[in-house]
Amino acid sequence: MKKLLPALLLLAAACKQKEYNADMLVKNAVVYTVDSNFTTAGAFVVSGGKILAVGSADSLEQKYNAREVLDAQGAAVYPGFIDAHAHFYEYGMGLQQVNLVGTQSWSQIVDSVKVYAERNTDGWIIGNGWDQNDWTDKHFPDKAKLDSLFPMRPVLLSRVDGHAAIANQAALNIAGVKPGQTIVGGEIETRNGKLTGVLVDNAVGIVTRKIPEPTPAMVDTALLSAQKNCFAVGLTTVDDCGLPYPMVNIINELQHKGDLKMRLYVMLADRAENYEYLFKKGAIKTPGLNVRSFKVYADGALGSRGACLLKPYSDSAKWSGFLLSNPKHFEEIAPKIAAHGFQMCTHAIGDSAVRTMLKIYAANLKGKNNLRWRIEHSQVVSPEDLALFGRYSIVPSVQPTHATSDMYWAGKRLGKERLKTAYAYKQLLDQNGWLPLGTDFPVENINPLYTFYAAVERKDLKGFPAVGFQKENALSRTEALKGMTIWAAKANFEEKEKGSIEPGKYADFVILDRDIMKVKGSQIPTTKVTKTYINGVKVYDKK
Numbered sequence: 001m002k003k004l005l006p007a008l009l010l011l012a013a014a015c016k017q018k019e020y021n022a023d024m025l026v027k028n029a030v031v032y033t034v035d036s037n038f039t040t041a042g043a044f045v046v047s048g049g050k051i052l053a054v055g056s057a058d059s060l061e062q063k064y065n066a067r068e069v070l071d072a073q074g075a076a077v078y079p080g081f082i083d084a085h086a087h088f089y090e091y092g093m094g095l096q097q098v099n100l101v102g103t104q105s106w107s108q109i110v111d112s113v114k115v116y117a118e119r120n121t122d123g124w125i126i127g128n129g130w131d132q133n134d135w136t137d138k139h140f141p142d143k144a145k146l147d148s149l150f151p152m153r154p155v156l157l158s159r160v161d162g163h164a165a166i167a168n169q170a171a172l173n174i175a176g177v178k179p180g181q182t183i184v185g186g187e188i189e190t191r192n193g194k195l196t197g198v199l200v201d202n203a204v205g206i207v208t209r210k211i212p213e214p215t216p217a218m219v220d221t222a223l224l225s226a227q228k229n230c231f232a233v234g235l236t237t238v239d240d241c242g243l244p245y246p247m248v249n250i251i252n253e254l255q256h257k258g259d260l261k262m263r264l265y266v267m268l269a270d271r272a273e274n275y276e277y278l279f280k281k282g283a284i285k286t287p288g289l290n291v292r293s294f295k296v297y298a299d300g301a302l303g304s305r306g307a308c309l310l311k312p313y314s315d316s317a318k319w320s321g322f323l324l325s326n327p328k329h330f331e332e333i334a335p336k337i338a339a340h341g342f343q344m345c346t347h348a349i350g351d352s353a354v355r356t357m358l359k360i361y362a363a364n365l366k367g368k369n370n371l372r373w374r375i376e377h378s379q380v381v382s383p384e385d386l387a388l389f390g391r392y393s394i395v396p397s398v399q400p401t402h403a404t405s406d407m408y409w410a411g412k413r414l415g416k417e418r419l420k421t422a423y424a425y426k427q428l429l430d431q432n433g434w435l436p437l438g439t440d441f442p443v444e445n446i447n448p449l450y451t452f453y454a455a456v457e458r459k460d461l462k463g464f465p466a467v468g469f470q471k472e473n474a475l476s477r478t479e480a481l482k483g484m485t486i487w488a489a490k491a492n493f494e495e496k497e498k499g500s501i502e503p504g505k506y507a508d509f510v511i512l513d514r515d516i517m518k519v520k521g522s523q524i525p526t527t528k529v530t531k532t533y534i535n536g537v538k539v540y541d542k543k
């Protein structure tokens with residue numbers, strides 16, 4: 001008994017040292033903390049939805065008595081992935097419409113629309129995702145076939161980037177579109193004095209404004225179905241770019257009820273009512289919702305030749321694209337956004353659009369600052385303009401899969417010289433030392449591992465090209481991981497609460513079946529998410 005007593009006393013002392021308020025211990029893992037030193041650890045503890053401690057399993061097990069132990073069995077664990085530029089709600093709505101992504105011809109699109117129409121017999125037929133650059137005949141289609149099949153039912157089919165669409169005559173009639181009609185920042189295509197149905201940039205809005213508003217049930221379904229798919233690919237925060245202000249309340253209510261767990265960074269669209277709303281209300285910040293920025297559109301997309309270039313397109317000698325608004329609009333709204341301390345995020349793809357916005361930003365930012373104004377896409381940048389990003393602390397927000405999607409035809413649009421500073425992610429990273437990454441889904445695939453792969457390997461999913469597309473602008477694996485975690489959080493002013501696995505931050509993390517920091521590059525795209533956690537609560541399990 002005398003020998004047993006000291007052992008019992010030691011055991012009691014050890015138990016007293018443990019903290020019993022821990023909810024979870026994650027151990028036997030390769031934890032990429034993405035802290036300032038990019039350290040790895042073997043375990044971490046979660047309590048109250050936040051990271052409590054990070055270290056070795058032995059040290060943490062001695063100190064904490066967790067209610068749940070998650071044995072990662074040697075798997076790699078990362079901070080929850082953040083998509084710095086996407087269209088979350090639009091993606092969800094698209095899941096209820098005609099999916100035209102990957103279609104190889106206009107006839108295939110028409111067939112898809114026919115099948116959808118047979119299953120959905122009432123109302124507008126809305127589709128999205130076609131790209132004429134994927135077809136043998138790369139010209140825009142015309143509406144003749146849609147008119148013959150649907151003479152009375154309106155049809156609107158949007159291009160993959162949302163910057164062009166084709167409408168049938170029924171839809172054009174409802175919108176009052178006439179041959180010869182013009183619009184600033186857009187194009188209504190006519191051929192031989194007749195409408196072809198093709199609408200580019202601002203012209204698309206003439207028709208979309210006539211589409212009936214979705215029902216509340218459709219909106220909820222869109223948000224929750226988008227959330228489900230995002231969790232399955234490891235996304236825990238998404239930047240939703242360009243929403244109307246009423247969506248803020250809908251999102252807030254769904255999050256308050258506990259149905260919508262996805263964290264959202266919302267940029268309100270460039271509309272008078274949205275400015276009035278947020279200027280009056282002020283920034284909105286909850287654990288799941290952050291509203292403090294505006295999404296402005298400078299130009300269109302390169303694929304539809306709506307991007308505004310300094311010199312004409314190489315494959316259209318008399319065409320340079322256009323700005324979607326008069327520069328005066330941007331010059332007037334920028335100081336108002338600055339005066340209220342909000343973030344300005346501008347879609348700018350062509351080098352002329354990028355230059356226009358960089359100069360307007362510079363006039364308002366006046367040197368180094370912490371407003372973190374962003375140029376979304378920053379796709380084609382003149383070499384002489386690159387330094388402006390660093391000089392005025394302007395954040396280039398880029399989507400690596402755009403490079404590997406566009407590489408087949410971008411050279412035809414731009415020519416060899418301009419292509420050298422297009423999709424120049426490494427050069428853009430060098431300007432401020434950090435670079436947020438996104439997908440722009442549904443324009444590109446929702447999977448952030450494709451973002452990682454495109455950034456590092458500069459190849460598409462077929463492994464093309466073998467040497468990588470303009471490999472000099474590839475990112476390292478460390479840079480790519482930071483771009484979709486801590487740097488994406490920083491672009492949202494959220495680097496103190498997420499983006500890394502560190503004490504005090506939200507316990508948002510993802511477990512993969514492979515270690516993307518070590519596997520062969522070709523294995524990255526087929527890597528799968530096995531589990532996704534938000535606030536230490538499992539929201540996805542591959543099983």
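Heads up, the sequence shown is in full-length UniProt numbering, so the first residue is 1 and it goes up one at a time. Where a beta carbon is used, it is the ideal one built from N, C-alpha and C, also for glycine.
Checklist entry - How about D240 and I333: are their beta carbons less than 9 Å apart? => result Residue mapping note: residue 240 aligns to position 240 of the sequence shown, counting from 1. Residue mapping note: residue 333 aligns to position 333 of the sequence shown, counting from 1. No, these two residues do not count as a Cβ contact at 9 Å.
Checklist entry - Measuring CB to CB, does Q255 end up less than 9 Å from L289? => result Taking the sequence shown and counting its residues from 1, the one referred to as residue 255 is at position 255. Taking the sequence shown and counting its residues from 1, the one referred to as residue 289 is at position 289. Cβ atoms of Q255 and L289: closer than 9 Å.
Next on the checklist: So the candidates are A165, I349 and F140; which of them puts its Cα closest to the Cα of R191?
Outcome noted: Against the sequence shown, residue 191 aligns to sequence position 191. Among A165, I349 and F140, the Cα nearest to that of R191 belongs to F140.
Checklist entry - Does the beta-carbon distance from L323 to Q379 come in below 9 Å? => result What you label residue 323 is simply residue 323 of the sequence shown in a count that begins at 1. What you label residue 379 is simply residue 379 of the sequence shown in a count that begins at 1. No, these two residues do not count as a Cβ contact at 9 Å.
Next on the checklist: At the 9 Å Cβ level, is A170 part of the contact set with chain B, yes or no?
Outcome noted: The structure shown contains no chain B; it holds only a single protein chain.
Next on the checklist: If I measure Cβ to Cβ from I174 and keep anything under 6 Å in the same chain, skipping five residues before and after, which residues do I get?
Outcome noted: Residue 174 sits at position 174 when you count from the first residue of the sequence shown. Here the set comprises P154 and K210.
Item to check | Closest Cα partner of A387 within the set A410, L428 and A43 | outcome: Taking the first residue of the sequence shown as position 1, residue 387 is located at position 387. It is L428 whose Cα lies nearest to the Cα of A387.
Checklist entry - Is the stretch 429-448 touching the stretch 393-403 in the sense that three or more CB pairs, one from each, lie closer than 8 Å? => result yes
Item to check | Whole-number beta carbon distance between A232 and Y540, since they are thought to touch under 8 Å | outcome: Your numbering for residue 540 matches position 540 in the sequence shown. Your numbering for residue 232 matches position 232 in the sequence shown. With 8 Å as the limit, Y540 and A232 qualify as a contact, their Cβ atoms being about 5 Å apart.
Item to check | Whole-Å CB distance - C345 paired with V296, under 8 Å assumed | outcome: Position 345 of the sequence shown, counted from the start, is the residue given in the question as residue 345. Position 296 of the sequence shown, counted from the start, is the residue given in the question as residue 296. Indeed, because the Cβ distance is near 7 Å, the residues count as touching under 8 Å.
Checklist entry - Do the CB positions of R418 and D315 come within less than 9 Å of each other? => result Here residue 418 is taken as the residue at index 418 of the sequence shown, counted from 1. Here residue 315 is taken as the residue at index 315 of the sequence shown, counted from 1. Against a cut-off of 9 Å, the Cβ pair of D315 and R418 comes out as no contact.
Item to check | Of the listed residues K462, S500, W409 and K542, nearest to K138 (C-alpha basis) | outcome: Taking the first residue of the sequence shown as 1, we reach residue 138 at position 138. The candidate whose alpha carbon is nearest that of K138 is W409.
Next on the checklist: Mapping the DSSP letters down to three states, classify W124 as helix, strand or coil.
Outcome noted: One-based indexing of the sequence shown puts residue 124 at position 124. In the structure shown, W124 sits in coil (DSSP, three-state: anything other than H, G, I, E or B).
Checklist entry - Grouping DSSP H, G and I as helix and E and B as strand, with all else coil, what is K143? => result For the purposes of this step, residue 143 is identified with residue 143 of the sequence shown, where counting begins at 1. Coil, per DSSP.
Next on the checklist: Would you call the stretch 118-130 in contact with the stretch 247-254, where contact means no fewer than 3 C-beta pairs closer than 8 Å?
Outcome noted: no
Checklist entry - How would you label E273, buried or exposed, when you count the other beta carbons within 10 angstroms and need 16 or more for buried? => result Indexing the sequence shown from 1 puts residue 273 at position 273. Counting Cβ neighbours within 10 Å, E273 comes out exposed, since fewer than 16 surround it.
Checklist entry - With burial defined as no fewer than 16 other Cβ atoms inside 10 Å of the residue's Cβ, what is the status of P36: buried or exposed? => result Here residue 36 is taken as the residue at index 36 of the sequence shown, counted from 1. This sequence places Ser at residue 36; Pro is not what is there. Classification of S36: exposed, given that the 10 Å Cβ count is below 16.
Next on the checklist: Give me, in chain order, the residues of the same chain whose beta-carbon lies closer than 8 Å to that of L9; leave out the 5 immediate sequence neighbours on both sides.
Outcome noted: Taking the sequence shown and counting its residues from 1, one reaches residue 9 at position 9. In this prediction, L9 has a pLDDT of 45, which is less than 50 and means its spatial position is unreliable; what the coordinates show is noted afterwards. Nothing listed; no residue qualifies.
Item to check | Whole-angstrom C-beta distance between V30 and T39, which should lie under 8 Å | outcome: The count along the sequence shown starts at 1 and reaches residue 39 at position 39. The count along the sequence shown starts at 1 and reaches residue 30 at position 30. With a Cβ gap of about 11 Å, T39 and V30 do not count as contacting.
Next on the checklist: Taking the alpha carbon of Y500 as the reference point, which residue from V54, L25, S352 and N28 has its own alpha carbon closest?
Outcome noted: One-based indexing of the sequence shown puts residue 500 at position 500. One detail in the question is off: residue 500 reads as Ser in this sequence, not Tyr. Closest option to S500, Cα to Cα, is V54.
Checklist entry - In terms of residues, what are the limits of the beta strand (DSSP E) holding residue 551? => result What the structure shows of the chain is the stretch from 1 to 543, and residue 551 is not part of that stretch, so it cannot be assessed.
Item to check | Anticipated Cβ contact below 8 Å, L157 with A165, distance rounded | outcome: Start at 1 with the first residue of the sequence shown, and residue 157 comes out as number 157. Start at 1 with the first residue of the sequence shown, and residue 165 comes out as number 165. With 8 Å as the limit, L157 and A165 qualify as a contact, their Cβ atoms being about 6 Å apart.
Checklist entry - What does a CB cutoff of less than 6 Å around L146 pick up in its chain, not counting 5 residues either side in sequence? => result The residue given as residue 146 occupies position 146 in the sequence shown. For L146, where only same-chain residues beyond five positions count, the Cβ hits under 6 Å are V155 and N168.
Checklist entry - So, T485 versus D513, is the Cβ gap smaller than 9 Å? => result As a position in the sequence shown, residue 485 is number 485, starting the count at 1. As a position in the sequence shown, residue 513 is number 513, starting the count at 1. No. Outside cutoff.
Item to check | Pair within 9 Å by beta-carbon distance, V200 and S304 | outcome: Translated into positions along the sequence shown, residue 200 becomes position 200. Translated into positions along the sequence shown, residue 304 becomes position 304. Cβ atoms of V200 and S304: closer than 9 Å.
Item to check | Pick from D142, V101, A307 and L149 that is closest to G129, judged by C-alpha positions | outcome: One-based indexing of the sequence shown puts residue 129 at position 129. Out of D142, V101, A307 and L149, V101 has the C-alpha closest to the C-alpha of G129.
Next on the checklist: Bridge partners for V396 per DSSP, in chain order?
Outcome noted: By one-based count along the sequence shown, residue 396 stands at place 396. Checking the sequence shown, residue 396 turns out to be Pro, not Val. Per DSSP, I375.
Checklist entry - Any idea what DSSP makes of E68, helix, strand or coil? => result Position 68 of the sequence shown, counted from the start, is the residue given in the question as residue 68. Here E68 sits in strand by DSSP.
Checklist entry - Apart from the five residues just before and just after L60, which ones in its own chain have a Cβ nearer than 7 Å to its Cβ? => result Residue numbering aside, residue 60 sits at position 60 when the sequence shown is read from its first letter. Correct list, in chain order: L25, A43, V45 and A53.
Checklist entry - For Y275, does the three-state DSSP call read helix, strand or coil? => result As a first step, residue 275 must be located in the sequence shown, where it is residue number 275. Note: Y275 maps to helix in three-state DSSP.
Checklist entry - What separation, rounded to the nearest whole angstrom, lies between the Cα atoms of P442 and Y64? => result Locating residue 442 in the sequence shown gives position 442, counting from the first residue. Locating residue 64 in the sequence shown gives position 64, counting from the first residue. When rounded, the distance between both Cα atoms is 43 Å.
Item to check | Cβ shell of L11 (< 7 Å), same chain only, five flanking positions each side left out | outcome: Sequence index remark: in the sequence shown, residue 11 carries index 11 (1-based). Any reading at L11 must be qualified, since the residue scores a pLDDT of 45, below 50, and its modelled position is unreliable; the value itself is stated next. Closer than 7 Å at the Cβ level, and outside the excluded window around L11, lies no residue.
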